[in-house]
Amino acid sequence: MDNEIESKLKDAVEFYQQSDFVSCHELLGRVLTIDQKNYNALVLNGSCCDHLGLENIGADYFYRAIKLQPDAVSAWQGLFQVGKKYPDRYRELLVCVCMKLLQFYRR
């Protein structure tokens, strides 16, 4: 990972920890412009979108991260959080995500 992306990700995490989800989301957008396949940026941006009430966009970021690293648990957990907040809307998704998470926790 190059230094510019690493620095921006570090700043984005600080914004996230301060609950400044708008700044975090904007900064992660710049990271993803440089590196569209950055797993950490996708997952963190998904979480930011969820906090900003943009759950559909957040779910898309989690899906993109899952496509890149299907065996990494973070994006699955993020997708679970979105589904848990809106169970009527994401019922089928939530069942599938829970099944996948069970596989992780059985290891």
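Position 68 of the sequence shown, counted from 1, bears residue number 68 in full-length UniProt numbering, the numbering being contiguous throughout. Virtual Cβ for every residue (Gly too), placed ideally from N, Cα, C.
Minimum C-alpha distance to residue i - residue among the options
i	options	result
N3	V31, D71 and S19	V31
K37	L93, L94 and Y61	Y61
Y86	V13, G58, V73 and R106	G58
I66	Q81, Y39, C48 and L44	Y39
Y105	V82, D71 and D35	D71
L52	F21, V73, I34 and E26	F21
S47	V82, D35, Q18 and V73	V82
Contact belief for residue i with residue j at Cβ below 8 angstroms, rounded distance in angstroms
i	j	result
V97	L79	5 angstroms
A75	V43	5 angstroms
Cut-off 7 angstroms between Cβ atoms - residues of its own chain near residue i, not counting five sequence neighbours on either side
i	result
K8	L27, R30 and V31
Residues near residue i by beta carbon distance below 6 angstroms, same chain, minus five either side
i	result
A41	L28, V31 and L32
Residues near residue i in its chain [Cβ-Cβ closer than 8 angstroms; skip 5 each side]
i	result
L101	V73, W76, Q77 and F80
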